[in-house]
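Residue numbers (full-length UniProt numbering): 1 to 395.
So this is what it looks like as structure tokens:
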């Protein structure tokens, strides 16, 4: 079973619970990208690229964000989205809006900063397309929110988080995805495993405009509601969606029927309280409280949303509310879990929960062990001042 896709329950919390941490300070923005241009990106993520993967410019472009603020392995392959592929060492490729981009950690950067590469037809190369892609990336990765102050507050509030922050070294972010794309992905995730979710999301993506192939993987712009509306339930069933096929087709129709259309309706939810958002999203076929909480956290700016499934329940009863260990995950207990996270971590509790969640993923446990080994090596070097070389001499 996927750790983001088990049976669950989730209860929204009233705003009165959102106390402890003050908003983290924003990262320093690139002077070439104004607030106005970022606002436009939130509405439309740039012009369509030509359907051929090539090079937009000759170089990788730095985002000027250190690894402590953005770790790609701790952000992209962690169950928030299922549309990124690893296409090289420390390199991931995916689509943001209409931009086919690769992101990687720059080994030449002492801080492990991230650079991006825009794939496009050579005839489409321009500084404006690179600028639009950069702004779209910044928005998608929620880079207006700094992790430094946030994580320090989390570490002071929670011993387990303090341990993980030292092991991970920072950089695990919550994404700000396109809401339509997020809804469709998490409809695929219900009672499913990662391999099947990836396959289903790939099928849905294939109905969008083809942008190119990188590392042997084809990439598409995520299809609009209009494109998805012509996809039949039988087509999806034939592609292995099972009962989810009906939910996806019905959810597309329900979104199109919303006042002002699905895109505008989903965007309007960002201005509402969390409990109202959960209630509104739950009117969509196939969307229950936990899926609604995932959509709220990963696309609707609800940083304190807590998607509670059996895995989060186990984490909570192990570290936050051990008195409930052995109890069943009921709607009431789900509400207690959400309340416990918000009480402990404050208005960005969803970000803290995300770190605790991904620390339980097998891939991230391996990374924890690797970081622990590196940490011990650094400590030995600090303790002894020098390390012996292969010849037995001191450096």
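Glycine included, C-beta positions come from ideal geometry on N, C-alpha and C.
Open item on the list: Tell me the rounded alpha-carbon separation between residue 281 and residue 248.
Closed with: The C-alpha of residue 248 is placed about 14 Å away from the C-alpha of residue 281.
Task: Cα-Cα separation, residue 67 to residue 136 - done: Rounded to the nearest angstrom, the two C-alpha atoms are 19 Å apart.
- [ ] Determine the closest residue to residue 236 out of 229, 245, 230 and 228, with distance taken between C-alpha atoms.
- [x] Across the set 229, 245, 230 and 228, the C-alpha of 245 shows the shortest separation from the C-alpha of residue 236.
TODO: Thinking residue 107 and residue 115 are a contact (beta carbons under 8 Å), I'd like their distance in whole angstroms, please.
DONE: Not confirmed; about 10 Å, so no contact.
Open item on the list: With H, G and I counted as helix, E and B as strand and the rest as coil, what does DSSP make of residue 136?
Closed with: Three-state DSSP puts residue 136 in a helix.
TODO: Starting from the N-terminal side, write out each stretch of the beta strand (DSSP E) that is 3 residues or longer and does not extend beyond the segment 209–251.
DONE: 210–214 and 217–220, all fully within the segment 209–251.
- [ ] Just the C-alpha distance for residue 155 and residue 302, rounded to the nearest angstrom, thanks.
- [x] Approximately 21 Å between the Cα atoms of the pair.
Task: CA-to-CA distance, residue 337 to residue 321, given in whole angstroms - done: When only Cα atoms are considered, residue 321 and residue 337 end up about 8 Å apart.
- [ ] Go through its chain and collect everything with a Cβ distance to residue 262's Cβ below 6 Å, but skip five positions before and after it.
- [x] Contacts found: 225, 255 and 256.
Task: Cutoff 7 Å; reference residue 285; Cβ partners in own chain excluding five residues on either side - done: When the five nearest sequence neighbours on each side are left out, the beta carbons in the same chain lying within less than 7 Å of the beta carbon of residue 285 are those of 247, 250, 251 and 254, in order along the chain.
Open item on the list: I'd like to check one pair, residue 104 with residue 86: are the Cβ atoms closer than 7 Å?
Closed with: Not closer than 7 Å, so no.
- [ ] Could you tell me which of 305, 304, 299 and 339 sits nearest to residue 317, measuring between CA atoms?
- [x] Comparing Cα-Cα distances from residue 317 to each of 305, 304, 299 and 339, the minimum goes to 339.
Task: Range covered by the alpha helix (DSSP H) that runs through residue 304 - done: Segment: none, residue 304 is in no alpha helix (DSSP H) and carries neither H nor E.
Open item on the list: Would residue 173 and residue 75 qualify as a contact pair, given that the criterion is a beta-carbon distance under 7 Å?
Closed with: Yes, the Cβ-Cβ distance between residue 173 and residue 75 is below 7 Å.
TODO: For residue 323, count neighbouring C-beta atoms within 10 Å of its own C-beta (all shown protein chains included) and say buried if the count is 16 or more, exposed if not.
DONE: The residue in question, residue 323, is exposed, as its Cβ has fewer than 16 Cβ neighbours within 10 Å.
Task: Alpha carbon of residue 296 to alpha carbon of residue 95, nearest angstrom - done: Each residue's Cα considered, the two are about 21 Å apart.
Task: Contact under 7 Å by Cβ, residue 304 with residue 349 - done: Here residue 304 is near residue 349, since their CB atoms are less than 7 Å apart.
Open item on the list: Rounding to the nearest angstrom, what Cα-Cα distance links residue 335 and residue 289 in this structure?
Closed with: If I take the Cα positions, the gap works out to 11 Å.
Task: Local conformation of residue 104 per DSSP, three classes - done: Strand.
Open item on the list: In this structure, how does DSSP classify residue 207 when only helix, strand and coil are distinguished?
Closed with: Residue state, collapsed to three classes: coil.
Open item on the list: With H, G and I counted as helix, E and B as strand and the rest as coil, what does DSSP make of residue 117?
Closed with: Strand, per DSSP.
Task: Counted within 10 angstroms of its Cβ, other Cβ atoms place residue 159 as buried (16 or more) or exposed - done: Exposed is the call here.
Task: residue 81, DSSP secondary structure in three states - done: Under the three-state reduction of DSSP, residue 81 is assigned to coil, being neither helix nor strand.
Task: Residues bridged to residue 95 [DSSP beta-bridge criterion] - done: Looking at the DSSP output, residue 95 sits in a beta bridge with 100.
Task: CB contact flag (residue 188, residue 180, <7 Å) - done: Not a contact, by the Cβ cut-off of 7 Å.
Task: Three-state secondary structure (DSSP) of residue 402 - done: This structure gives no information on residue 402, because the portion of the chain shown stretches from 1 to 395.
- [ ] Note down the Cα distance separating residue 293 from residue 220, rounded to an integer number of angstroms.
- [x] Cα-Cα distance, rounded: 26 Å.
Task: Buried or exposed (CB count within 10 angstroms, at least 16 for buried), residue 384 - done: Summary for residue 384: the model assigns pLDDT 34, below 50, so the residue's position carries little reliability; its value from the coordinates is reported in the next sentence. It counts as exposed.
- [ ] Identify, in the order they occur along the chain, each residue of the same chain with its Cβ nearer than 8 Å to the Cβ of residue 61, setting aside the five sequence neighbours on each side.
- [x] The residues are 115, 116, 117, 118, 130 and 134.
TODO: Mark residue 171 as exposed unless 16 or more other C-beta atoms lie within 10 angstroms of its C-beta, in which case mark it buried.
DONE: Answer is buried; the Cβ neighbour count reaches 16.
Task: Boundaries of the alpha helix (DSSP H) in which residue 72 is found, first to last residue - done: No alpha helix (DSSP H) holds residue 72; DSSP gives it neither H nor E.
TODO: Go ahead and pull the three-state DSSP assignment for residue 87.
DONE: Strand, per DSSP.
Task: C-beta contact flag for residue 175 and residue 298 at 7 Å - done: Residue 298 is positioned such that its CB atom lies closer than 7 Å to that of residue 175.
Open item on the list: Which same chain residues end up closer than 7 Å to residue 151 when comparing Cβ atoms and leaving out the 5 residues on each side of it in sequence?
Closed with: Same-chain partners within the cutoff: 165 and 170.
TODO: Please list, in chain order, all residues of the same chain as residue 142 whose beta carbon is under 7 Å from its beta carbon, the five residues on each side excluded.
DONE: Hits under 7 Å: 173, 174, 175 and 176.
TODO: Determine the DSSP secondary structure at residue 322, reduced to helix, strand or coil.
DONE: Per DSSP, reduced to three states, the secondary structure at residue 322 is helical.
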